[in-house]
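Have a look at the structure below before the remarks.
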Amino acid sequence: MCKYEWILCPVCGNKTRVKIGIDTVLENFPLFCPKCKQETIINAKQLNISVIKEPDTKMQSRQP
Numbered sequence: 000m001c002k003y004e005w006i007l008c009p010v011c012g013n014k015t016r017v018k019i020g021i022d023t024v025l026e027n028f029p030l031f032c033p034k035c036k037q038e039t040i041i042n043a044k045q046l047n048i049s050v051i052k053e054p055d056t057k058m059q060s061r062q063p
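The sequence shown begins at 0 in numbering that gives the first Met the number 0 and counts up by one.
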């Protein structure tokens with residue numbers, strides 16, 4: 000029997016629209032929360048979820 004659980008939003012803690020099982024593996028998965036409207040990149044393996052920190056994008060200046 001497989002065990003399935005809802006993925007909780009790492010920002011606000013509410014349920015998202017995604018369920019994962021004990022055998023589910025996600026890498027660089029864009030998780031969207033309908034409540035707080037935030038998208039977070041996550042990894043998931045054996046119901047353990049880790050948030051991937053994205054580096055802040057910096058504007059590249061043009062050099063003449």
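All C-beta atoms, glycine included, are put in the ideal place defined by N, C-alpha and C.
- For residue 38 and residue 50, the gap between their C-alpha atoms comes out near 11 Å.
- In the three-state scheme derived from DSSP, where H, G and I count as helix and E and B as strand, residue 24 is classed as strand.
- For residue 48, the closest of 34, 6 and 31 by C-alpha to C-alpha distance is 6.
- At a Cβ-Cβ threshold of 8 Å, residue 40 and residue 29 count as neighbours.
- Straight across, the Cα-Cα distance linking residue 27 with residue 1 is about 23 Å.
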